[in-house]
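So the structure is just underneath, and the comments pick up after that.
Residue numbers (the working numbering): 91 to 147.
Right, dumping it as structure tokens:
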């Protein structure tokens with residue numbers, strides 16, 4: 091949901107892209123977990139995926 095929120099703020103909400111980004115950072119198995127349920131390192135990887143979701147140049 092963190093990644094979808096960033097996408098929505100950018101005008102697009104693509105669940106498939108969110109899953110793709112989680113796979114990219116190795117967290118595809120954590121899709122249904124809340125931020126408080128994952129480790130600090132995993133939270134950092136979600137932050138990286140959120141940054142990529144913004145589609146930086």
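Built from N, CA and C at the ideal position, the CB exists for glycine as well.
Do residue 121 and residue 111 have their C-beta atoms within less than 8 angstroms of each other?
-> The residue given as residue 121 occupies position 31 in the chain shown. The residue given as residue 111 occupies position 21 in the chain shown. Contact: no.
Within 10 angstroms of its Cβ, does residue 137 collect 16 or more other Cβ (buried), or is it exposed?
-> On the chain shown, position 47 is the one that residue 137 refers to. Its Cβ having fewer than 16 others within 10 Å, residue 137 is exposed.
Would you call residue 135 buried or exposed, if buried means 16 or more other Cβ atoms sit within 10 Å of its Cβ?
-> Start at 1 with the first residue of the chain shown, and residue 135 comes out as number 45. Buried, because 16 or more other Cβ atoms sit within 10 Å of the Cβ of residue 135.
Taking all protein chains shown into account, do 16 or more other C-beta atoms lie within 10 angstroms of the C-beta of residue 114, making it buried, or fewer, making it exposed?
-> As a working mapping, residue 114 is identified with position 24 in the chain shown. So residue 114 counts as exposed.
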